[in-house]
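In our numbering, the protein residues as written are 706 to 1012. By construction, the Cβ of each residue, glycine as well, lies at the ideal position given by its N, Cα and C atoms. These numbers were taken from a predicted model, which means no experiment stands behind them. These notes concern the structure reproduced below.
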Amino acid sequence: MSSIYSIFNLVLKERITVSTSLVRCVFESSEVHKMRRHAPDQRIKLLFPQPSHPAMKVNEGSDWYSHYMSIPKEERPLMRTYTLRALRIEDNEMDVEFVLHGKNTPVSDWLSEAKQGAPLQIVAPKEASDSSGQMGGTGGCEWVPPEQVNQVLLIADETALPAALGILEELALHDSPPKVQAFFEVPVQGDCLNLEQFKFANIFWLPRDVKEGYGYGERLLEAVREHVVLPESAFIEEQSLSESVSPDGILWERAENEGKASHFYGWVAAESTAVKNLRRYLLQERHLDKKLINFMAYWAKSSKGHH
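What follows is the structure in C-alpha coordinates.
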(Lines of atoms letter the chains of each structure in order from A and count residues from 1; the text may use other names and numbers.)
(Lines give C-alpha, C1' and ligand atoms only; values in the text may rest on other atoms or scores of the structure.)
Protein backbone atom coordinates (compact mmCIF):
# COMPACT_ATOMS: atom_id res chain seq x y z
CA MET A 1 0.00 0.00 0.00
CA SER A 2 1.41 3.39 -1.03
CA SER A 3 3.03 5.59 1.62
CA ILE A 4 0.82 8.52 0.61
CA TYR A 5 -2.02 6.87 2.55
CA SER A 6 -2.67 7.01 6.28
CA ILE A 7 -5.15 5.62 8.77
CA PHE A 8 -7.73 8.11 10.07
CA ASN A 9 -10.14 7.65 12.97
CA LEU A 10 -13.66 8.97 12.43
CA VAL A 11 -17.07 8.87 14.07
CA LEU A 12 -20.46 8.83 12.39
CA LYS A 13 -22.18 12.22 12.70
CA GLU A 14 -25.23 11.90 10.47
CA ARG A 15 -26.91 9.61 7.98
CA ILE A 16 -28.82 11.17 5.07
CA THR A 17 -31.06 9.42 2.55
CA VAL A 18 -30.02 10.50 -0.96
CA SER A 19 -32.32 8.18 -2.91
CA THR A 20 -34.02 4.80 -2.59
CA SER A 21 -30.71 2.93 -2.89
CA LEU A 22 -28.17 5.54 -1.81
CA VAL A 23 -27.38 6.81 1.68
CA ARG A 24 -24.84 9.45 2.64
CA CYS A 25 -22.89 9.11 5.87
CA VAL A 26 -21.32 12.24 7.30
CA PHE A 27 -18.24 11.49 9.40
CA GLU A 28 -16.35 13.87 11.64
CA SER A 29 -12.86 13.89 13.10
CA SER A 30 -10.22 16.34 14.26
CA GLU A 31 -7.94 14.54 11.76
CA VAL A 32 -9.90 15.58 8.67
CA HIS A 33 -7.56 18.51 7.98
CA LYS A 34 -4.77 15.98 7.37
CA MET A 35 -6.64 14.33 4.48
CA ARG A 36 -6.51 15.18 0.80
CA ARG A 37 -9.05 14.76 -1.99
CA HIS A 38 -7.11 14.99 -5.23
CA ALA A 39 -10.08 14.57 -7.59
CA PRO A 40 -13.86 14.03 -7.48
CA ASP A 41 -13.38 10.29 -8.01
CA GLN A 42 -10.97 9.97 -5.07
CA ARG A 43 -11.03 6.41 -3.75
CA ILE A 44 -10.53 5.59 -0.08
CA LYS A 45 -10.68 2.42 2.00
CA LEU A 46 -13.11 1.87 4.86
CA LEU A 47 -12.33 -0.69 7.55
CA PHE A 48 -15.41 -2.48 8.86
CA PRO A 49 -14.90 -4.47 12.08
CA GLN A 50 -15.70 -8.17 12.05
CA PRO A 51 -18.92 -8.82 14.04
CA SER A 52 -16.95 -11.17 16.30
CA HIS A 53 -14.28 -8.51 16.96
CA PRO A 54 -16.05 -5.13 16.93
CA ALA A 55 -13.30 -3.35 18.89
CA MET A 56 -10.41 -4.41 16.62
CA LYS A 57 -8.44 -1.42 15.32
CA VAL A 58 -5.47 -1.01 13.01
CA ASN A 59 -2.41 0.77 14.36
CA GLU A 60 -1.76 4.26 13.06
CA GLY A 61 1.58 5.25 11.63
CA SER A 62 3.61 4.36 8.56
CA ASP A 63 3.48 0.63 9.32
CA TRP A 64 -0.31 0.48 9.47
CA TYR A 65 -0.61 -1.89 6.50
CA SER A 66 1.89 -4.36 7.95
CA HIS A 67 -0.10 -4.39 11.16
CA TYR A 68 -3.35 -4.81 9.24
CA MET A 69 -2.02 -7.86 7.38
CA SER A 70 -0.62 -9.34 10.60
CA ILE A 71 -4.07 -9.50 12.20
CA PRO A 72 -5.57 -13.02 11.92
CA LYS A 73 -7.99 -13.10 8.99
CA GLU A 74 -10.99 -13.96 11.16
CA GLU A 75 -10.29 -10.89 13.31
CA ARG A 76 -9.05 -8.49 10.61
CA PRO A 77 -11.40 -5.60 9.72
CA LEU A 78 -12.88 -5.91 6.24
CA MET A 79 -11.37 -3.38 3.83
CA ARG A 80 -13.76 -1.95 1.23
CA THR A 81 -13.28 0.74 -1.41
CA TYR A 82 -15.51 3.82 -1.59
CA THR A 83 -15.48 7.29 -3.10
CA LEU A 84 -14.63 10.25 -0.89
CA ARG A 85 -17.75 12.20 -1.81
CA ALA A 86 -16.87 15.43 -0.02
CA LEU A 87 -14.21 16.81 2.29
CA ARG A 88 -15.04 19.87 4.44
CA ILE A 89 -11.83 20.63 6.27
CA GLU A 90 -13.22 23.75 7.94
CA ASP A 91 -16.01 21.67 9.53
CA ASN A 92 -13.87 18.58 10.26
CA GLU A 93 -16.29 16.57 8.13
CA MET A 94 -16.20 14.16 5.21
CA ASP A 95 -18.94 12.33 3.30
CA VAL A 96 -19.16 8.81 1.93
CA GLU A 97 -22.18 7.51 0.00
CA PHE A 98 -23.21 3.88 0.24
CA VAL A 99 -25.34 1.77 -2.09
CA LEU A 100 -27.86 -0.26 -0.11
CA HIS A 101 -27.37 -3.84 -1.33
CA GLY A 102 -29.73 -5.54 1.11
CA LYS A 103 -29.01 -7.47 4.26
CA ASN A 104 -26.35 -9.84 5.53
CA THR A 105 -23.27 -8.05 4.21
CA PRO A 106 -20.65 -6.44 6.47
CA VAL A 107 -21.44 -2.99 5.13
CA SER A 108 -25.22 -3.33 5.33
CA ASP A 109 -24.92 -4.69 8.86
CA TRP A 110 -22.77 -1.73 9.87
CA LEU A 111 -25.13 0.76 8.21
CA SER A 112 -28.18 -0.72 9.92
CA GLU A 113 -26.60 -0.89 13.37
CA ALA A 114 -24.29 2.13 13.55
CA LYS A 115 -25.55 4.98 15.70
CA GLN A 116 -24.41 8.58 15.90
CA GLY A 117 -20.89 8.54 17.33
CA ALA A 118 -20.06 5.06 16.01
CA PRO A 119 -16.31 4.83 15.29
CA LEU A 120 -14.83 3.82 11.95
CA GLN A 121 -11.32 3.76 10.54
CA ILE A 122 -10.54 4.78 6.97
CA VAL A 123 -7.48 4.82 4.75
CA ALA A 124 -7.13 8.03 2.73
CA PRO A 125 -4.44 10.21 1.10
CA LYS A 126 -2.64 12.38 3.61
CA GLU A 127 -1.92 16.08 3.33
CA ALA A 128 1.70 15.68 2.27
CA SER A 129 0.85 13.45 -0.69
CA ASP A 130 1.69 14.75 -4.14
CA SER A 131 -0.83 13.68 -6.76
CA SER A 132 0.84 15.36 -9.72
CA GLY A 133 1.14 12.93 -12.57
CA GLN A 134 0.64 9.92 -10.33
CA MET A 135 -3.01 10.01 -9.33
CA GLY A 136 -4.00 6.89 -11.18
CA GLY A 137 -1.00 4.95 -10.01
CA THR A 138 -0.77 5.97 -6.37
CA GLY A 139 -3.33 8.61 -5.49
CA GLY A 140 -6.51 6.58 -5.98
CA CYS A 141 -8.20 8.69 -8.66
CA GLU A 142 -8.37 8.77 -12.45
CA TRP A 143 -10.23 11.99 -13.35
CA VAL A 144 -7.54 14.07 -15.09
CA PRO A 145 -9.19 15.78 -18.08
CA PRO A 146 -7.13 17.85 -20.54
CA GLU A 147 -7.24 21.59 -19.91
CA GLN A 148 -8.89 22.28 -23.26
CA VAL A 149 -11.66 19.67 -22.85
CA ASN A 150 -15.03 20.77 -24.22
CA GLN A 151 -16.85 17.43 -24.48
CA VAL A 152 -17.12 14.82 -21.71
CA LEU A 153 -18.67 11.35 -21.64
CA LEU A 154 -19.65 9.94 -18.23
CA ILE A 155 -20.93 6.37 -17.84
CA ALA A 156 -21.64 4.99 -14.37
CA ASP A 157 -23.71 2.50 -12.45
CA GLU A 158 -24.91 3.10 -8.89
CA THR A 159 -21.54 2.24 -7.33
CA ALA A 160 -19.79 4.92 -9.39
CA LEU A 161 -22.58 7.48 -9.11
CA PRO A 162 -21.03 9.36 -6.14
CA ALA A 163 -17.85 9.90 -8.16
CA ALA A 164 -19.77 10.88 -11.29
CA LEU A 165 -21.84 13.42 -9.35
CA GLY A 166 -18.65 14.84 -7.91
CA ILE A 167 -17.31 15.23 -11.43
CA LEU A 168 -20.42 17.15 -12.49
CA GLU A 169 -20.08 19.41 -9.45
CA GLU A 170 -16.45 20.14 -10.30
CA LEU A 171 -17.26 20.89 -13.96
CA ALA A 172 -20.03 23.25 -12.86
CA LEU A 173 -17.37 25.47 -11.25
CA HIS A 174 -15.85 26.23 -14.66
CA ASP A 175 -16.67 29.59 -16.23
CA SER A 176 -17.58 27.69 -19.39
CA PRO A 177 -18.25 24.03 -18.52
CA PRO A 178 -17.73 21.42 -21.23
CA LYS A 179 -20.69 19.75 -22.85
CA VAL A 180 -21.42 16.53 -20.96
CA GLN A 181 -23.30 13.42 -22.01
CA ALA A 182 -23.97 11.20 -18.98
CA PHE A 183 -25.47 7.71 -18.71
CA PHE A 184 -26.38 6.64 -15.16
CA GLU A 185 -27.76 3.16 -14.49
CA VAL A 186 -29.44 2.74 -11.09
CA PRO A 187 -31.47 -0.03 -9.38
CA VAL A 188 -34.90 1.66 -9.28
CA GLN A 189 -36.73 4.74 -10.50
CA GLY A 190 -36.49 6.22 -7.00
CA ASP A 191 -32.76 6.62 -7.59
CA CYS A 192 -33.17 9.07 -10.48
CA LEU A 193 -32.08 12.37 -8.95
CA ASN A 194 -33.07 15.86 -10.05
CA LEU A 195 -29.88 17.27 -11.55
CA GLU A 196 -31.38 20.15 -13.50
CA GLN A 197 -28.77 22.51 -12.03
CA PHE A 198 -26.23 21.01 -14.43
CA LYS A 199 -27.48 22.83 -17.51
CA PHE A 200 -24.40 21.78 -19.48
CA ALA A 201 -25.16 18.06 -19.09
CA ASN A 202 -27.50 15.79 -21.03
CA ILE A 203 -28.22 13.06 -18.47
CA PHE A 204 -29.83 9.70 -19.22
CA TRP A 205 -31.22 7.98 -16.11
CA LEU A 206 -31.49 4.23 -16.62
CA PRO A 207 -33.32 2.45 -13.77
CA ARG A 208 -33.28 -1.35 -14.07
CA ASP A 209 -36.74 -1.79 -12.56
CA VAL A 210 -38.56 -0.43 -15.61
CA LYS A 211 -38.61 -3.95 -17.02
CA GLU A 212 -38.15 -7.30 -15.32
CA GLY A 213 -34.98 -9.12 -16.25
CA TYR A 214 -32.53 -6.25 -16.81
CA GLY A 215 -29.08 -7.30 -15.62
CA TYR A 216 -26.25 -5.08 -14.44
CA GLY A 217 -25.02 -2.85 -17.25
CA GLU A 218 -27.57 -3.92 -19.85
CA ARG A 219 -29.39 -0.61 -19.82
CA LEU A 220 -26.08 1.26 -20.02
CA LEU A 221 -24.96 -0.57 -23.14
CA GLU A 222 -28.40 -0.27 -24.70
CA ALA A 223 -28.58 3.50 -24.12
CA VAL A 224 -24.99 4.19 -25.14
CA ARG A 225 -25.49 2.31 -28.40
CA GLU A 226 -28.57 4.36 -29.15
CA HIS A 227 -27.63 7.82 -27.94
CA VAL A 228 -23.89 8.37 -27.50
CA VAL A 229 -22.41 11.25 -29.48
CA LEU A 230 -18.69 11.12 -30.18
CA PRO A 231 -16.62 13.75 -32.01
CA GLU A 232 -14.81 12.76 -35.19
CA SER A 233 -11.56 14.01 -33.68
CA ALA A 234 -11.73 11.29 -31.01
CA PHE A 235 -11.64 8.40 -33.50
CA ILE A 236 -8.55 6.41 -34.43
CA GLU A 237 -8.11 3.93 -37.28
CA GLU A 238 -5.76 1.46 -35.63
CA GLN A 239 -4.86 0.76 -32.00
CA SER A 240 -4.08 -2.15 -29.70
CA LEU A 241 -7.24 -3.43 -28.05
CA SER A 242 -5.54 -5.58 -25.42
CA GLU A 243 -7.00 -5.00 -21.96
CA SER A 244 -5.13 -3.61 -18.97
CA VAL A 245 -6.02 -5.35 -15.72
CA SER A 246 -5.17 -4.74 -12.08
CA PRO A 247 -3.16 -7.29 -10.04
CA ASP A 248 -6.42 -8.92 -8.97
CA GLY A 249 -7.56 -9.35 -12.57
CA ILE A 250 -10.01 -6.44 -12.73
CA LEU A 251 -10.22 -4.35 -15.92
CA TRP A 252 -8.67 -0.97 -15.15
CA GLU A 253 -7.48 1.33 -17.93
CA ARG A 254 -6.51 4.92 -17.41
CA ALA A 255 -6.70 7.51 -20.16
CA GLU A 256 -3.29 8.51 -21.44
CA ASN A 257 -4.10 11.92 -22.81
CA GLU A 258 -0.87 13.61 -21.69
CA GLY A 259 0.54 15.45 -24.67
CA LYS A 260 -2.61 14.93 -26.76
CA ALA A 261 -4.40 18.12 -27.78
CA SER A 262 -7.80 16.53 -27.29
CA HIS A 263 -11.08 18.27 -26.57
CA PHE A 264 -12.81 15.00 -25.63
CA TYR A 265 -12.51 13.01 -22.40
CA GLY A 266 -14.35 9.90 -21.20
CA TRP A 267 -14.88 8.24 -17.82
CA VAL A 268 -16.55 4.82 -17.50
CA ALA A 269 -17.02 3.03 -14.17
CA ALA A 270 -19.42 0.18 -13.44
CA GLU A 271 -19.67 -3.58 -12.93
CA SER A 272 -16.84 -5.54 -14.58
CA THR A 273 -18.80 -7.25 -17.37
CA ALA A 274 -20.64 -4.02 -18.14
CA VAL A 275 -17.36 -2.12 -18.48
CA LYS A 276 -15.93 -4.80 -20.78
CA ASN A 277 -19.01 -4.64 -23.01
CA LEU A 278 -18.93 -0.85 -23.13
CA ARG A 279 -15.22 -0.89 -23.90
CA ARG A 280 -15.74 -3.38 -26.73
CA TYR A 281 -18.46 -1.22 -28.26
CA LEU A 282 -16.68 2.13 -27.93
CA LEU A 283 -13.22 0.96 -29.01
CA GLN A 284 -13.94 -1.83 -31.49
CA GLU A 285 -17.22 -0.76 -33.07
CA ARG A 286 -16.92 3.02 -32.80
CA HIS A 287 -13.09 3.23 -32.98
CA LEU A 288 -12.79 5.67 -30.08
CA ASP A 289 -9.17 6.42 -29.17
CA LYS A 290 -8.58 4.52 -25.92
CA LYS A 291 -6.08 7.15 -24.77
CA LEU A 292 -8.99 9.55 -24.30
CA ILE A 293 -11.14 7.45 -21.96
CA ASN A 294 -10.93 5.67 -18.60
CA PHE A 295 -12.44 2.19 -18.18
CA MET A 296 -12.79 1.05 -14.56
CA ALA A 297 -14.45 -2.08 -13.21
CA TYR A 298 -15.55 -0.80 -9.81
CA TRP A 299 -16.79 -4.26 -8.87
CA ALA A 300 -17.60 -7.71 -10.24
CA LYS A 301 -20.79 -9.70 -9.75
CA SER A 302 -18.76 -12.54 -8.26
CA SER A 303 -17.09 -10.18 -5.78
CA LYS A 304 -18.33 -9.16 -2.35
CA GLY A 305 -16.15 -6.09 -2.21
CA HIS A 306 -18.12 -3.63 -4.27
CA HIS A 307 -19.12 -0.14 -3.19
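- Query: In angstroms, rounded to a whole number, what distance separates the CA positions of TYR919 and ARG913?
  - Reply: Taking the straight line joining both Cα atoms gives about 6 angstroms.
- Would you tell me roughly how many angstroms separate the C-alpha atoms of VAL723 and GLU780, rounded to the nearest one? Put simply, the backbone Cα of VAL723 is about 32 angstroms away from that of GLU780.
- Message: Only counting the same chain, and skipping five residues up and downstream in sequence, which positions put a Cβ closer than 8 angstroms to that of PHE713?
- Response: These residues qualify, in order along the chain: SER734, GLU736, VAL737, LYS739, MET740, GLN826, ILE827, VAL828, ALA829.
- Task: Say whether the segment 853 to 867 touches the segment 957 to 977, bearing in mind that this needs 3 or more beta-carbon pairs closer than 8 angstroms, one atom from each stretch.
- Result: Contact check between the segment 853 to 867 and the segment 957 to 977: three or more CB pairs, one atom from each, fall below 8 angstroms, which counts as touching.
- Which term fits PHE1000, buried or exposed, when burial requires 16 or more other beta carbons within 10 angstroms of its beta carbon? Flag for PHE1000 reads buried.
- Assigned secondary structure, TYR919 (DSSP; H/G/I helix, E/B strand, else coil): Correct three-state label for TYR919: coil.
- Those residues which DSSP pairs with PHE909 across a bridge: For PHE909, which the question treats as bridged, DSSP gives the partners PHE888.
- Message: For ALA960 and LYS778, what's the separation of their Cα atoms in angstroms?
- Response: The C-alpha of ALA960 lies about 36 angstroms from the C-alpha of LYS778.
- Task: Determine the burial state of GLU942: buried for a count of at least 16 other Cβ atoms within 10 Å of its Cβ, exposed for fewer.
- Result: It is exposed - the Cβ of GLU942 has fewer than 16 other Cβ atoms within 10 Å.
- Task: Give a yes or no on contact between the segment 799 to 806 and the segment 724 to 732, applying the rule of three or more CB pairs nearer than 8 angstroms.
- Result: Enough Cβ pairs lie closer than 8 angstroms, so yes.
- Message: Nearest by alpha-carbon distance to PRO811: which of VAL950, HIS968, VAL857, GLN755 is it?
- Response: Of VAL950, HIS968, VAL857, GLN755, the residue nearest in Cα terms is GLN755.
- Task: Return the bridge partner residues of ASN714 from the DSSP annotation.
- Result: BP columns for ASN714 point to GLN826.
- Message: Pairs of beta-carbons, one from the segment 899 to 911 and one from the segment 813 to 826, closer than 8 angstroms: are there three or more?
- Response: Cβ pair count under 8 angstroms is below three, so no.
- Look up LYS981 in the DSSP assignment and say whether it is helix, strand or coil. LYS981 falls in the helix class under three-state DSSP.
- Task: Indicate, with yes or no, if the ligand PLP has a heavy atom lying under 7 angstroms from the CB of GLU802.
- Result: What this structure holds is no ligand at all, so the ligand PLP is not there to describe.
- Message: Measuring only the C-alpha atoms, how far is ALA1002 from SER881?
- Response: For ALA1002 and SER881, the distance between alpha carbons rounds to 31 angstroms.
- Those residues which DSSP pairs with GLY971 across a bridge: As DSSP reads the structure, GLY971 sits in a beta bridge with LEU858, ILE998.
- What residue from LEU926, ASN982, ALA1005, PHE803 has the CA that sits closest to ILE955's CA? The shortest C-alpha to C-alpha distance from ILE955 to any of LEU926, ASN982, ALA1005, PHE803 is the one to ALA1005.
- Give the secondary structure of ALA939 by DSSP, where H, G and I count as helix, E and B as strand, and everything else as coil. Helix, per DSSP.
- Which residue comes first and which comes last in the alpha helix (DSSP H) that contains ILE872? Segment 866 to 876, the alpha helix (DSSP H) holding ILE872.
- Message: Suppose the cutoff is 7 angstroms on Cβ atoms and the five residues either side in sequence are ignored; what does the same chain contact list for GLY838 look like?
- Response: Note that GLY838 scores 37 on pLDDT, short of 50, meaning its location in the model is unreliable and no value can be drawn from it.
- Query: Among GLY766, GLN856, LEU752, which has the Cα closest to the Cα of ALA760?
  - Reply: When only C-alpha atoms are compared, the closest one is LEU752.
- Count the other CB atoms, across all protein chains shown, that sit within 10 Å of the CB of VAL849; report buried if there are 16 or more and exposed otherwise. Buried, by the Cβ-count rule.
- Query: Which of the three DSSP states, helix, strand or coil, is assigned to GLU795?
  - Reply: Assigned with DSSP and collapsed to three states, GLU795 falls in helix.
- Within 10 angstroms of its Cβ, does LEU878 collect 16 or more other Cβ (buried), or is it exposed? Residue burial is scored here from C-beta neighbours: LEU878 has fewer than 16 other C-beta atoms within 10 angstroms and is therefore classed as exposed.
- What residues are listed by DSSP as bridge partners for ARG959? Answer is none; ARG959 lacks a bridge partner.
- Task: Report the option in LEU911, SER938, GLU917 whose CA atom is closest to the CA atom of VAL929.
- Result: Here the closest residue by C-alpha is LEU911.
- Task: Would you identify the three-state DSSP class for VAL728, choosing helix, strand or coil?
- Result: Judged by DSSP in its simplified three-state form, VAL728 adopts strand.
- Task: Give me the Cα-Cα distance between GLU931 and ALA906, rounded to the nearest whole angstrom.
- Result: The alpha-carbon atoms of GLU931 and ALA906 are separated by roughly 17 angstroms.
- Query: At which residues does the alpha helix (DSSP H) containing LEU816 begin and terminate?
  - Reply: 811 to 818 is the extent of the alpha helix (DSSP H) around LEU816.
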